[in-house]
Amino acid sequence: MRGTDAQKLSVDFCGLPFATPLVLLSGCVGFGEEYTRIAGFSNSDVGAVCLKGTTLSPRLGNRPHRIAETPAGMLNAIGLQNPGADHVVSRILPQLDFGETRFIANVSGSTVEEYVEVTRRFEDSPIDAIEINISCPNVKEGGVAFGNDPDMSARVVAACRAVTGKPLVTKLSPNQTDIAENARRCIEAGTDAFAVINTLMGMAIDIETRTPVIGNNQGGLSGPAIKPVALLKVHQVYQVCRDRGIPIIGQGGITSAADAIEFLIAGASAVGVGTALFYDPLLCRDINAGILDYLDRHGLDSVAALTGSLRLHGGADACGG
Ligand SMILES: Cc1cc2nc3c(=O)[nH]c(=O)nc-3n(C[C@H](O)[C@H](O)[C@H](O)COP(=O)(O)O)c2cc1C
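For the sequence shown, the residue numbers in the working numbering are 690 to 1010.
Right, here's the structure in full:
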């Protein structure tokens, strides 16, 4: 990449230098090493990599089936399978190449105390930032049960804030009535940034057996099917972030440069790629090239110039019917 192109693509995210606005999303790239085995793939093509959701103790995850393809997306109910925070910090982080990209931990828990303990483990590690997942739909306690309640969301954020000086990214759930109000409470509680959105709750049914396809009965819907929902949520959260300088990692169904640009225009400072990697692990180079081409065609010299540049139509009302 030419020097000027690298400059145009680079993003300052909470003081962290991202080489490009792209972020590989939690749960879609293992613990950061998985895709590096694929010929032509490099973590240096992205600004940051989010590691798989991590809890205090190891978790085996949910019974199968854990994933199912849906029209324009997939359902998953992995159930936060992970080897536990101590293993991640002592065994996995030392294997990662921090010269290639920034690494973001993804923290989960069943109680506020567990979120705090896992955050504490990562605070004493080389990890670049900490994402708190208060929006996982696939666990019985914590996760989305916290993230859909603004009081609980704020409690988790404040408790984690108290034990880390690293950039704190709060991952918001789309499965709630007023995401902007929740975001406002999380900002008051000390979050530095947001990830918007996690998966939408969904179900698929096997009509021959009349049972849910997913072993957990329900799962999280991701992929292109959720993109319009995700764009609106980013736009709504941006309204409370704009004047406070809080950046958003926009995500949900991004498969192309055009998708990524839509999220930037809606208010994202960086954009996540998750489900799309399952069918094209080398997608990020094309998205970077497409963003550069768009910046050149529109006479813009930085990704930041696109953030929140949406021009709304006047006189629109909230009713879609
Ligand atoms: C198989 C799978 C596992 C996931 N695991 C996690 C996780 O552990 N923690 C988390 O915060 N999000 C998790 N997610 C949600 C993604 O990080 C992302 O927010 C969501 O899938 C929307 O983006 P996408 O449509 O580009 O995949 C997972 C998604 C998938 C498909």
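All C-beta atoms, glycine included, are put in the ideal place defined by N, C-alpha and C.
Nearest to N864 by C-alpha distance, out of G997, V885 and R791, is V885. Comparing C-alpha distances from V852 to each of M890, F811, A869 and D817 shows the shortest one belongs to F811. Comparing alpha-carbon positions, the option among I943, L920 and V960 lying closest to P936 turns out to be V960. Under the criterion of beta carbons closer than 8 Å, T744 and S779 do not qualify as touching, at roughly 16 Å.
Rounded to whole angstroms, the gap between the alpha carbons of A774 and I819 is 13 Å. The C-beta separation of G942 from I915 comes to about 5 Å, placing the pair in contact by the 8 Å criterion. Distances from the CB of L745 to the heavy atoms of ligand 1 are all 8 Å or more. Counting only runs of 4+ residues, no alpha helix (DSSP H) is found wholly inside the stretch 699–753. Here the distance from the Cβ of I976 to the nearest heavy atom of ligand 1 is not below 8 Å. Taking the Cα positions, F730 is about 6 Å away from L971. Listed in chain order, the alpha helix (DSSP H) elements of length 4 or more contained wholly in the stretch 795–881 are 801–812, 833–836, 839–850 and 868–877. Not one heavy atom of ligand 1 sits closer than 8 Å to the Cβ of M890.
Annotation: V962 to V738 spans about 10 Å, alpha carbon to alpha carbon.
Assignment of S911 by DSSP, reduced to helix, strand and coil, places it in the strand class.
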